[in-house]
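J.: Numbered by the numbering used here, the letters in the sequence shown go through residues -12 to 70 in order.
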Amino acid sequence: MASMVAVLVLLVVMVALILRPFVFPAPENNPVPAIDVRQQVEAAIAARKATLAPVSQGRVCVSCSAAAEPEDSFCRKCGSKLL
Ligand SMILES: [Zn+2]
-12 MASMVAVLVL LVVMVALILR PFVFPAPENN PVPAIDVRQQ VEAAIAARKA TLAPVSQGRV
48 CVSCSAAAEP EDSFCRKCGS KLL
């Protein structure tokens, strides 16, 4: 009978250890992944903006997609007339 009580106590302790992170989430563990995700998202947005900015602001050749200066009338790469 005493061994059964010991097994029960052991089971309760194991279940408590397993469930403790879910019942009592450590407050210092949650903000860290959130900040990491936010930094990753912001870095991805910044990288996307950096790649999109020249395309949206400058002119691009319709034939070869090469960047063109605003004063250019023809593409410097393929010679197509710029719109
Ligand atoms: Zn071109």
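Note that beta-carbon positions come from the ideal geometry of N, C-alpha and C, so glycine has one too.
To which residues of the same chain is Gly45 closer than 8 angstroms at the C-beta, ignoring the five residues directly before and after it?
T.: Residue 45 sits at position 58 when you count from the first residue of the sequence shown. Ala54, Ala55, Glu56 and Pro57, listed in sequence order.
J.: Grab me the residues of Cys51's own chain with a C-beta within less than 8 angstroms of its C-beta, minus the 5 sequence neighbours each way, in chain order.
T.: Position 64 of the sequence shown, counted from the start, is the residue given in the question as residue 51. Answer for Cys51: Cys62, Lys64, Cys65 and Ser67, listed in chain order.
J.: Span of the alpha helix (DSSP H) holding Met3?
T.: Translated into positions along the sequence shown, residue 3 becomes position 16. Looking at the sequence shown, residue 3 is not Met but Ala. Taken as a continuous stretch (DSSP letters only), the alpha helix (DSSP H) holding Ala3 covers Ala(-11) to Val10.
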